[in-house]
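One structure below.
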Amino acid sequence: MATLLFASFAGGSKAEDGYDLWLRYKKCDQPELLTSYRNYFTGIYRVGNHASLDAAVSEMTRGFSGILDKNITQLKSPQEGAVIIGTATELSPVLRNLIPALNIPALPEKKEGFLIFRLSYRQRGITIITAESPVGVLYGSFHLLRLLQSQTPVVKLAANESPALDLRMLNHWDNLTRHVERGYAGIALWNWHTLPDYKDPRYTDYARANASLGINAVTVTNVNANALVLTKPYLEKLRALADIFRPYGIRLFLTARFSAPIELDKFKTADPLNETVKDWWKKKTDEIYQYIPDFGGFLVKANSEGQPGPQNYKRTHADGANMLADAVASHGGHVIWRAFVYNPESDDRFKQAYEEFKPLDGQFRNNVLVQVKNGPIDFQPREPFSPLFGAMPKTPLMMEFQITQEYLGQATHLVYQGPMFKEVMNAQTQIAPKPETVQQVIEKKIRPDAVTGIAGVANIGNDRNWTGHLFGQANWYAFGRMAWNPKLSSEAVAEEWIRQTFNNTPSVIQPIKKIMLASHEALVKYMTPLGLAHIMGNGHHYGPLPWGNTLGRPDWNPVYYHRADSFGIGFNRSATGTNALAQFDMSIRKQWEDSNTCDEKYLLWFHHVSWQHKMKSGKTLWQELTDHYYQGVKEMRIMKSEWAGLQKNIDPERFNHVSMLLGIQEKDAVWWRNACLLYFQTFSKMPIPAQYEQPDQTLEYYKSLRFPYAPGN
Ligand code: GCW
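Going by the numbering used here, the sequence shown opens with residue 20, and the numbers climb by one from there.
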């Protein structure tokens, strides 16, 4: 048994368990292409010594050997057929030696950018991957492997790429107990108990996967932070992880608990203006840099959901961020300060991040970035972009997306987030006098030394397939690829992922792409159509609870968000309501301020409209709402039947895995539709049209459901 198990993991007939992600390197199944690959790629020649080049060589020998189904190894000298890799400085003399009249093309401007090109040399030519930095070479190597896995002809392999943003980061909300807050894929990858001595090979595979996308920064602990992570035993464990990540270009950041001096060293205060507190952080930071010389800095959630922060001492977020920024500045570190705050004093949670942060624009140190969630509330299936993106021109703003699907069906729903990421990034923060998009805001270098960035809350755990749902991998993938190159379309990214994860057969690519591209819109329809938001279960956030009204703070309760009554439904955020719309630029506000012209996908975000409100379709709001819920279930069922049609083309393991989850998703979609419509009907008093399948359960039944151990809580 032991040998059998070993044999199956060592290669051979391995079950399709999803472990290999998009780095599968299966043999090219196009005979002509395979012949040309074998002809033009005969070995790897590496110039220079660097851990990132070791990683590149190891990935390329693995990748080429798999795709070419032939042993491809490192060459001792450059020769025809070689893939030659190295930084431009080290590579140029070697190439000139080979081809004296050579003109090496100009390198991309950014250090992490890379060039791939072919040169004619004897019969087979040579392929060059070069960059200014070793990690750029590694990124180029992964890129070439991606092209080969997607069956790109040899003549089309040239590339010249640079990342759009400096920091492309994953935030893990992993506790030291290994419980993952909002994690649906097992427990945390990081085994704190066996670190630093036991270096699970999986840590390297994690780093490989990130590097293949260009993800270059991570936090491995929760923003609801534990001060213990700053103590010596944990710094030793963190050093082990940082050492594994470094060759892959990944820098470690730490989540910092603001009250750490009190918890760890019995201080009476954590006041950021107190000299001994400042000194404590300075020393702590110096200590961290001894363990992790390229430590990135701190990520902080302060004065939000019970986390301590500067406001405990009547100081501002800027005071808190700047104190930490000063501590890391001499080491070149940064502080990423989250804007996810919602102090209950305001009349509308929508407005709170803006109200607290906008006045601080210009008050942060140069090495502070403010990390803003994509929408004003909290990672709902659809939100308008956060107005902060148009409101802090003097502060580098980082985007925060949630890859883990806390509010998007968690790990049982197939939802491809590519279109959602694009919707936010392409949203205009202003139209006049000059159009500007969210993407342009976060890409803008507001000072020459400013750092730009994007973060995604990771959906990764220790499940064998990393993300629980196989299609969760596509969201990790899309986040990384779009962080690197925001110009890629959702469709192109989906196709890349499918080709590498499944295969290159059109009859596989087309239906899966169709399923993926329809999935987000379908979910919005069966959960929160027409601008509804935050109507999910308490605590675990799984399933519908629009009637929820029992939690201690009004803005924790669904009824606060949808405001259904006998007149109508929706949150009036226009000038006659909370006027949250005033936080957007005038040119944007105009699009949304009139309930008759407002884009209907945001209608109930901004307006309380009557059940009879006439929609663009000519139907009443109630009819339209009903149609959306039914349409969502219908679209989901189409996804399910498309998938069923793939049975012959996909291995049984992955086919069955996804099929069973789609079964759960269908039940959930029906549950969302029925529970929400039956509840809203108690206000509208209007019927669900007779042509629709009628709910097979009562509202009381849906209200009685409980899920005490739903994951991620
Ligand atoms: O969406 C909410 C989650 C919390 C999370 C918080 C945050 C880490 O329900 O679990 O806490 O957002 O972003 O800080």
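All C-beta atoms in this analysis are idealised placements derived from N, C-alpha and C, irrespective of residue type, glycine included.
Keep in mind that this is a model prediction, so the values were computed, not measured.
Beta-carbon separation (whole angstroms), residue i vs residue j, contact threshold 8 Å
{"i": "P400", "j": "L542", "result": "6 Å"}
{"i": "N732", "j": "P714", "result": "Contact flag wrong, Cβ pair sits at about 28 Å."}
{"i": "P291", "j": "A259", "result": "Going by Cβ atoms, the distance from P291 to A259 rounds to 31 Å, so no, they are not a contact pair."}
{"i": "K333", "j": "T597", "result": "Wrong, their Cβ atoms sit about 26 Å apart, outside the cutoff."}
{"i": "W495", "j": "N478", "result": "6 Å"}
{"i": "N386", "j": "V347", "result": "7 Å"}
{"i": "I91", "j": "F136", "result": "Going by Cβ atoms, the distance from I91 to F136 rounds to 20 Å, so no, they are not a contact pair."}
{"i": "L433", "j": "F521", "result": "Going by Cβ atoms, the distance from L433 to F521 rounds to 14 Å, so no, they are not a contact pair."}
{"i": "N644", "j": "S629", "result": "According to the sequence shown, residue 644 is Leu rather than Asn. Between S629 and L644 the Cβ distance is about 12 Å, and since that is not below 8 Å, they are no contact."}
{"i": "V154", "j": "E131", "result": "6 Å"}
Where the alpha helix (DSSP H) through residue i begins and ends
{"i": "R165", "result": "153 to 168"}
{"i": "V76", "result": "70 to 87"}
{"i": "N58", "result": "50 to 59"}
{"i": "F625", "result": "622 to 625"}
{"i": "T238", "result": "Run containing T238: none in the alpha helix (DSSP H); it sits in the beta strand (DSSP E), 236 to 238."}
{"i": "N179", "result": "That residue, N179, is in no alpha helix (DSSP H); its beta strand (DSSP E) goes 178 to 180."}
Simplified DSSP state of residue i, which is helix, strand or coil
{"i": "I517", "result": "helix"}
{"i": "M188", "result": "strand"}
{"i": "M20", "result": "Confidence in M20 is poor, its pLDDT being 38 and thus under 50, which makes the residue's placement too unreliable to answer from."}
{"i": "V319", "result": "strand"}
{"i": "W356", "result": "strand"}
{"i": "F28", "result": "For F28, the predicted structure reports a pLDDT of 38, less than 50, and the residue's modelled location is therefore unreliable. A value from the coordinates is still provided. The answer is helix: DSSP assigns F28 an H, G or I state."}
{"i": "T597", "result": "coil"}
{"i": "Y64", "result": "strand"}
{"i": "V677", "result": "helix"}
{"i": "G682", "result": "helix"}
{"i": "D468", "result": "coil"}
{"i": "F699", "result": "helix"}
{"i": "G475", "result": "strand"}
{"i": "D193", "result": "strand"}
{"i": "V652", "result": "helix"}
{"i": "F603", "result": "coil"}
{"i": "Q492", "result": "helix"}
{"i": "M411", "result": "coil"}
{"i": "G437", "result": "helix"}
{"i": "N90", "result": "coil"}
{"i": "K251", "result": "helix"}
{"i": "P736", "result": "The question about residue 736 has no answer, for the chain in this structure spans 20 to 732."}
{"i": "F133", "result": "strand"}
{"i": "T645", "result": "helix"}
Contact test: residue i Cβ vs the ligand COA heavy atom, cutoff 7 Å
{"i": "S323", "result": "The ligand COA is absent from the structure shown, which contains only the ligand GCW."}
CB of residue i within 8 Å of CB of residue j, strictly
{"i": "L283", "j": "T240", "result": "no"}
{"i": "I422", "j": "Q390", "result": "no"}
{"i": "A821", "j": "L94", "result": "In the structure as shown, the chain begins at 20 and stops at 732. Residue 821 is therefore absent and cannot be evaluated."}
{"i": "P412", "j": "Y373", "result": "no"}
{"i": "L697", "j": "L724", "result": "no"}
{"i": "N484", "j": "Y38", "result": "yes"}
{"i": "I465", "j": "M418", "result": "no"}
{"i": "Y580", "j": "I554", "result": "yes"}
{"i": "Q519", "j": "R165", "result": "yes"}
{"i": "F408", "j": "T471", "result": "no"}
{"i": "D482", "j": "G682", "result": "no"}
{"i": "R608", "j": "L232", "result": "no"}
{"i": "K89", "j": "R57", "result": "yes"}
{"i": "L343", "j": "V360", "result": "no"}
{"i": "F762", "j": "P327", "result": "This structure gives no information on residue 762, because the portion of the chain shown stretches from 20 to 732."}
{"i": "T149", "j": "T213", "result": "no"}
{"i": "R368", "j": "D574", "result": "yes"}
{"i": "A537", "j": "H488", "result": "no"}
Host beta strand (DSSP E) of residue i (start-end)
{"i": "I103", "result": "101 to 106"}
{"i": "M418", "result": "416 to 421"}
{"i": "L273", "result": "270 to 274"}
{"i": "T304", "result": "No beta strand (DSSP E) contains T304, which is instead part of the alpha helix (DSSP H) from 294 to 310."}
{"i": "V391", "result": "387 to 392"}
{"i": "Q447", "result": "447 to 449"}
is_contact[residue i, chain D] using C-beta, thresh 8 Å
{"i": "G82", "result": "Absent from the structure: chain D. Only one protein chain is present."}
> Between the region 83 to 92 and the region 110 to 123, are three or more C-beta pairs nearer than 8 Å?
Replying inline: No, the region 83 to 92 is not in contact with the region 110 to 123.
>> Does the region 538 to 558 come into contact with the region 190 to 205, if we say contact requires no fewer than three beta-carbon pairs (one atom in each stretch) closer than 8 Å?
In response: Flag = no, the region 538 to 558 and the region 190 to 205 do not touch.
>> For the pair the region 676 to 686 and the region 699 to 708, tell me if three or more CB-CB distances fall below 8 Å.
In response: Proximity of the region 676 to 686 to the region 699 to 708 falls short of the contact definition, fewer than three beta-carbon pairs being nearer than 8 Å.
> Using 8 Å as the threshold, is the region 613 to 629 in touch with the region 658 to 673, meaning 3 or more CB pairs across them?
Replying inline: No, they do not touch.
> With contact counted as at least three CB pairs below 8 Å, one residue from each stretch, are the region 268 to 276 and the region 238 to 253 in contact?
Replying inline: As far as the Cβ criterion goes, the region 268 to 276 touches the region 238 to 253, which means the pair count is three or higher.
>> Quick check: the region 587 to 597 against the region 426 to 445, are at least 3 beta-carbon pairs closer than 8 Å?
In response: Contact between the region 426 to 445 and the region 587 to 597 is absent, because fewer than three Cβ pairs lie under 8 Å.
> Quick check: the region 246 to 263 against the region 521 to 540, are there 3 or more CB pairs under 8 Å?
Replying inline: The region 246 to 263 is not in contact with the region 521 to 540.
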